[in-house]
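Single-structure report; data block below.
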Amino acid sequence: MSAAQPHARYLPYIVAANFFMEYLDTTVIATALPSMARTFSVGPNALNLGMTTYMLALAVFIPVSG
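Heads up: the sequence shown is residues 241 to 306, going by our numbering.
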């Protein structure tokens, strides 16, 4: 570890926390999907496109924001 990068040892923990939050977010949305479908008076399959779009947006914008 060089003196120029004293915080580099924290990078794996930051990445792991980011992945955890992403998976947690996806799990919450997948669990709430039937309730959201009832609220919008549509079938759960109709909201599947929204969840897929959300996942693709995460996959694109998380690395870009880094």
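Cβ atoms here follow ideal geometry from the backbone N, Cα and C, with glycine treated the same way.
| Query | Result |
| --- | --- |
| Nearest neighbour of N288, chosen from L298, V300, S305 and P274 [CA to CA] | P274 |
| Span of the alpha helix (DSSP H) around Y253 | L251 to T279 |
| Rounded C-alpha distance that separates R249 from A256 | 13 Å |
| Residue range of the alpha helix (DSSP H) that includes P303 | N288 to S305 |
| Beta-carbon proximity check, A270 vs A277, cutoff 8 Å | no |
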